[in-house]
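Just so you know, we're using numbering that gives the first Met the number 0 here: the sequence shown kicks off at 0 and counts up by one.
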Amino acid sequence: MLSLKKNFLNIILSLRLNRSNCSSSNSYNISSLSSSSDSDSNNNSSSSSSSSNSSSGSSSSGGNGGDGSSRSSSSCSSSKVIVVEVVVVVVVVAAAAAAAAEAAAAAAAAAAAAEAEAEAAAAAAAEAEEEEEEEEEEEEEEEEEEEEEEEEEGNKIRYGS
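See the structure below:
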């Protein structure tokens with residue numbers, strides 16, 4: 000069970016490390032993707048801008064019409080990582096709850112066994128005490144009978160019958 004928890008924690012850690020490699024930004028930065036040049040001899044300015052909208056799922060960048068700024072964003076599917084991480088956490092919590100329930104059931108079974116053993120010991124002690132009382136009563140009855148017999152013998156001797 001402990002190794003199972005360690006494995007899940009390692010998975011969570013590796014997923015977090017993988018997610019930290021993903022970056023997402025939606026800011027406008029001056030970059031080398033856009034450039035302007037004044038190369039026309041008639042003093043006409045010409046601008047060249049670089050724009051690419053490649054959306055392969057990992058990155059995209061786009062120019063902003065030659066004004067010297069470009070928009071770039073890079074993202075990865077962090078929502079999938081979060082979902083997997085949540086599922087792993089739920090599984091770990093469920094495993095811990097199952098282990099706790101199993102331990103509680105074992106403790107309850109041990110308590111029930113101890114209670115049954117205590118009841119059996121109490122019943123045996125009560126039975127032994129009852130037997131001892133019966134033996135004492137029998138001994139008292141025997142003593143009374145012996146005393147009565149002795150009295151009868153004494154009376155026979157005294158009165159000669």
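Every residue gets a Cβ at the ideal spot worked out from N, C-alpha and C, and that includes glycine.
Just so it is clear, the structure is predicted and the values come from calculations on it, not from any experiment.
Other residues of its chain near residue i: CB distance less than 7 Å, five sequence neighbours each side excluded
i   : result
V87 : F7, I10 and I11
Alpha carbon of residue i to alpha carbon of residue j, nearest angstrom
i    : j    : result
A100 : E135 : 52 Å
E137 : E144 : 10 Å
E148 : I156 : 12 Å
A106 : E141 : 52 Å
E129 : E151 : 33 Å
K5   : V91  : 10 Å
E139 : A110 : 43 Å
A103 : A112 : 14 Å
I81  : A119 : 56 Å
E131 : A93  : 56 Å
A125 : Y158 : 49 Å
A127 : E146 : 29 Å
E84  : A108 : 36 Å
N154 : E133 : 31 Å
A121 : E114 : 10 Å
S13  : V89  : 17 Å
Which of helix, strand or coil DSSP assigns to residue i
i    : result
G153 : helix
E146 : helix
6 Å CB neighbourhood of residue i in its chain, flanking five on each side removed
i    : result
A123 : none
Chain-order list of residues whose beta-carbon lies under 8 Å from that of residue i (same chain, five-residue window excluded)
i    : result
A117 : none
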